[in-house]
Amino acid sequence: MTIIQVAIGVVLDSQQRVLVAKRKAEQHQGGLWEFPGGKVDAGEGFEQALARELEEEVGLTVLGCEPLHSVTHDYGDRTVQLATYLVTEFDGEAQPKEGNPLQWVPVTDLPKLAMPAANQVLIQALLQRLA
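Per the UniProt record's numbering, the sequence shown starts with residue 1, numbered consecutively.
Laid out in structure tokens, this is it:
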């Protein structure tokens with residue numbers, strides 16, 4: 001089975017809130033909240049993909065990021081490798097450029113959100129990093 005490589009941005013603002021987007025109902029894991037990001041294109045590195053995806057999806061320009069956590073998760077019908085970056089330096093105002101609802105959520109509220117199973121370990125990594 002092919003592993004889908006995905007770059008994810010945990011965008012953290014100065015008020016300790018994280019940007020999340022709601023997946024469209026017809027998508028894999030539809031209706032769940034997720035951190036913005038997307039698939040890595042051929043010939044592209046994870047950080048390049050992250051910068052491109054955040055600009056395309058939510059209109060943010062990444063000015064600074066650092067690796068947060070990587071995880072490979074098997075959903076049964078597909079396997080994803082998530083390379084997650086903590087983005088604390090960015091430019092622009094978050095906009096739903098692809099039509100997905102966006103929300104800034106306090107970090108402490110993340111465990112209460114309905115998110116894909118693979119994101120649970122990312123939330124724990126974020127909480128530990130910020131502790």
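Where is the CB? At the ideal position from N, CA and C, for every residue including glycine.
Collapsed DSSP secondary structure at residue i in the structure displayed
i, result
"Val40", "coil"
"Ala125", "helix"
Range covered by the beta strand (DSSP E) that runs through residue i
i, result
"Val107", "Unbroken run through Val107: none, as it is neither H nor E."
"Ala7", "Ile3 to Val11"
"Val68", "Residue 68 is actually Leu in this sequence, not Val. First-last of the beta strand (DSSP E) with Leu68: Thr61 to Asp74."
"Leu19", "Arg17 to Lys22"
Residue span of the alpha helix (DSSP H) that contains residue i, given as start and end
i, result
"Phe90", "No alpha helix (DSSP H) contains Phe90, which is instead part of the beta strand (DSSP E) from Thr79 to Asp91."
"Leu54", "Phe46 to Val58"
Buried or exposed (CB count within 10 angstroms, at least 16 for buried), residue i
i, result
"Gln36", "The identity of residue 36 in the sequence shown is Pro, whereas the question assumes Gln. It is buried - the Cβ of Pro36 has at least 16 other Cβ atoms within 10 Å."
"Ile3", "exposed"
"Lys22", "buried"
"Glu53", "buried"
"Gly9", "buried"
"Tyr75", "exposed"
"Thr108", "exposed"
"Thr72", "exposed"
"Ala131", "exposed"
"residue 135", "Nothing in the structure corresponds to residue 135, since the chain is present only between 1 and 131."
"Ala118", "buried"
"Glu57", "buried"
Distance, residue j Cα to residue i Cα
i, j, result
"Ala42", "Lys97", "23 angstroms"
"Arg129", "Leu68", "8 angstroms"
"Val11", "Ala125", "14 angstroms"
"Trp33", "Leu63", "24 angstroms"
"Glu44", "Gln81", "15 angstroms"
"Phe46", "Ala94", "21 angstroms"
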